[in-house]
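Trainee: Please see the structure below; I have some questions.
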Amino acid sequence: QSVLTQPPSVSGAPGQRVTISCTGSSPSIASYNHVHWYQQLPGTAPRLLIFANNNRPSGVPERFSGSKSGTSASLVITGLQPEDEADYYCQSYDRGVSGVFGGGTKLTVL
Amino acid sequence: EVQLVESGGGLVQPGGSLRLSCAASGFNFSNYWMTWVRQAPGKGLEWVANINTDGRSKIYVDSVKGRFTISRDNARNSLYLQMNSLRAEETATYYCARAGHYYFDSWGQGTLVTVSS
Chain A
1 QSVLTQPPSV SGAPGQRVTI SCTGSSPSIA SYNHVHWYQQ LPGTAPRLLI
51 FANNNRPSGV PERFSGSKSG TSASLVITGL QPEDEADYYC QSYDRGVSGV
101 FGGGTKLTVL
Chain B
1001 EVQLVESGGG LVQPGGSLRL SCAASGFNFS NYWMTWVRQA PGKGLEWVAN
1051 INTDGRSKIY VDSVKGRFTI SRDNARNSLY LQMNSLRAEE TATYYCARAG
1101 HYYFDSWGQG TLVTVSS
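Residue numbers (this note's numbering), protein chains in the order written: chain A, 1 to 110; chain B, 1001 to 1117.
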């Protein structure tokens, strides 16, 4: 069972802004732990979207942004595009466990 | 360009063993921690194991401790996952990934492991 909780699904129309939340339920997902985000397009491997709360790897569009406060984090997508339809996962670190993933959020572009 | 190519997946009976490989290229393999992440069909991502740069430090998710072994060969730019006593619920696509500071910045395409009789 994930100690990072995400909504199972979100949706939005093209051009809209959507937010995906990620809430830590364990004390060990402390405020000093970074949160990272991954995008998984249908039938493909995940790719890193945001690292260390709010940093974009090269090649990730500026419409993707991240933030974190305490044990909660958010991924914001502005100017939603059809190709953004995918599953999104947050990830952090727990004591003794190198990688903890949220359950994933399916984004539907209406 | 960073490339990670997994191999070794397939059909195995419950209780059986399988060894996955991941061939790395396009970066200095020996400078990076590496990881295995799996994804059961239609389910989310689950971190499985990490290994440090020289292979001496290894960390596993509780459910695979004592059954799975992560290893690496820096001379061959390769990562491995030896999986023993496999269970049906471990049917999944297994991804190898390059690890940054507690995140995974490059992923392979995955290899499917099916545990079934």
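We put the CB at the ideal spot given by N, CA and C, even for glycine.
Report the option in B/1098, B/1102, B/1086 and B/1107 whose CA atom is closest to the CA atom of residue 1010 of chain B.
Mentor: Answer by Cα proximity: B/1086.
Trainee: Out of curiosity, what's the CA-to-CA distance linking residue 11 of chain A and residue 107 of chain A?
Mentor: Whole-angstrom Cα-Cα distance: 5 Å.
Trainee: Quick check on residue 83 of chain A: does DSSP put it in helix, strand or coil?
Mentor: If DSSP states are grouped into helix, strand and coil, residue 83 of chain A belongs with the helices.
Trainee: Starting from residue 49 of chain A, find everything on chain B with Cβ-Cβ shorter than 9 Å and list it in chain order.
Mentor: Neighbours of residue 49 of chain A on chain B: none; closest Cβ ~10 Å, over 9 Å.
Trainee: Tell me whether residue 1072 of chain B is buried or exposed, calling it buried when 16 or more other Cβ atoms sit within 10 Å of its Cβ.
Mentor: The residue in question, residue 1072 of chain B, is buried, as its Cβ has 16 or more Cβ neighbours within 10 Å.
Trainee: Check whether chain D comes within 8 Å of residue 1053 of chain B, counting only Cβ atoms and requiring the distance to be less than that.
Mentor: Among the protein chains in the structure shown, which are A and B, there is no chain D.
Trainee: Would you report the Cα separation of residue 1022 of chain B and residue 9 of chain A, rounded to the nearest angstrom?
Mentor: Taking the straight line from one Cα to the other gives about 32 Å.
Trainee: Taking 6 Å as the limit between beta carbons, can you name the residues of its chain near residue 179 of chain A, skipping five residues before and five after?
Mentor: For chain A, the structure presents residues 1 to 110; residue 179 of chain A sits outside this window and is missing.
Trainee: Let me make sure I understand the geometry here. Which of B/1082, B/1100 and B/1089 has the alpha-carbon closest to that of residue 92 of chain A?
Mentor: The shortest C-alpha separation from residue 92 of chain A is found at B/1100.
Trainee: Considering only residues of the region 46–75 of chain A, which uninterrupted beta strand (DSSP E) runs meet the minimum length of 3 residues and lie entirely inside it, listed in chain order?
Mentor: The region 46–75 of chain A contains these whole beta strand (DSSP E) runs: 47–50 and 64–69.
Trainee: Looking at chain A, is there any beta carbon in it that lies within less than 8 Å of the beta carbon of residue 1082 of chain B?
Mentor: Not one chain A Cβ lies under 8 Å of residue 1082 of chain B.
Trainee: With a cut-off of 8 Å, does the C-beta of residue 104 of chain A fall near any C-beta of chain B?
Mentor: Chain B contact via Cβ: present.
Trainee: Give the DSSP-derived three-state secondary structure of residue 92 of chain A in the structure shown.
Mentor: Of the three classes helix, strand and coil, the one that applies to residue 92 of chain A here is strand, per DSSP.
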